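**Student:** In our numbering, the protein residues as written are 5 to 186. We put the beta carbon where it would ideally sit given N, CA and C, even for glycine. Please read all numbers here as calculations on a predicted model, not as lab measurements. Next up is a structure, given as structure tokens.
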């Protein structure tokens, strides 16, 4: 399967989520999305996992040379804090290797949304995609209605890292947000 197939499965799983989950907390929504994704037949080497630590993750990764990523991943421009662990909400990947790293997904509810939280999650997606783990695509799913994401830093980050997307998810509808629509 290609990453495009996995993106379509993710979209279909989002559309299958019952409307009541769109008003619940991030964890409830994430687990329901995980449940919906498990209904799809992935190839035998691809799994969906939640909040999984990847063994090859490294704070010594070259992606941290980007000051924007470093700042929002760690919360400052200082040296990495080894006590910080950043686990994505969902991974669609080959669990025990780096051979088929398809999708890394972060989920935020609209009520917990602010520019700092968006930048923190987007930086995590970038680290998983451009760092040693080499995920092919990263998606931040924002659950619920929002008007805009008015931040030039977010726009620049989406331009710099085109494999990262933001989706606004409402019951039965997904609206992709990119640098051109911000």
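(1) Name the DSSP bridge partner or partners of residue 141?
(2) Taking its Cβ as the centre, do 16 or more other Cβ atoms sit within 10 Å of residue 145, making it buried, or is it exposed?
(3) Starting from the C-beta of residue 173, find all residues in its chain whose C-beta is less than 6 Å away, skip the five residues before and the five after it, and write them out in chain order.
(4) According to the Cβ coordinates, are residue 140 and residue 52 closer than 9 Å?
(5) Assuming contact is defined by CB atoms lying nearer than 9 Å, are residue 180 and residue 168 in contact in what I supplied?
(6) What first and last residue would you give for the alpha helix (DSSP H) that runs through residue 16?
(7) Checking the sheet assignment: what are the DSSP bridge partners for residue 39?
(8) Among residues of its own chain, excluding the 5 on either side of residue 41, which ones have a beta-carbon nearer than 6 Å to its beta-carbon?
(9) Can you give me the C-alpha to C-alpha distance between residue 64 and residue 93, rounded to a whole angstrom?
(10) On the DSSP bridge list, what partners appear for residue 52?
(11) Looking at the strands, I want to know which residues DSSP matches up with residue 169.
(12) Are the beta-carbon atoms of residue 44 and residue 126 separated by less than 9 Å?
(13) Please return the same chain residues whose Cβ sits closer than 8 Å to the Cβ of residue 50, not counting the five positions on each side in sequence.
(14) Roughly how many angstroms lie between the CA atoms of residue 109 and residue 12, to the nearest whole one?
(15) Going by alpha carbons, who is nearest to residue 26 out of 113, 134, 166?
(16) Given this structure, state the Cα-to-Cα distance separating residue 165 from residue 116, to the nearest angstrom.
**Tutor:** In brief:
(1) 107
(2) buried
(3) 18, 145, 147
(4) no
(5) no
(6) 7 to 20
(7) DSSP output for residue 39 lists no bridge partner at all.
(8) 17, 52
(9) 22 Å
(10) 96
(11) 143
(12) no
(13) 5, 10, 96, 97, 98, 104, 106
(14) 14 Å
(15) 113
(16) 24 Å
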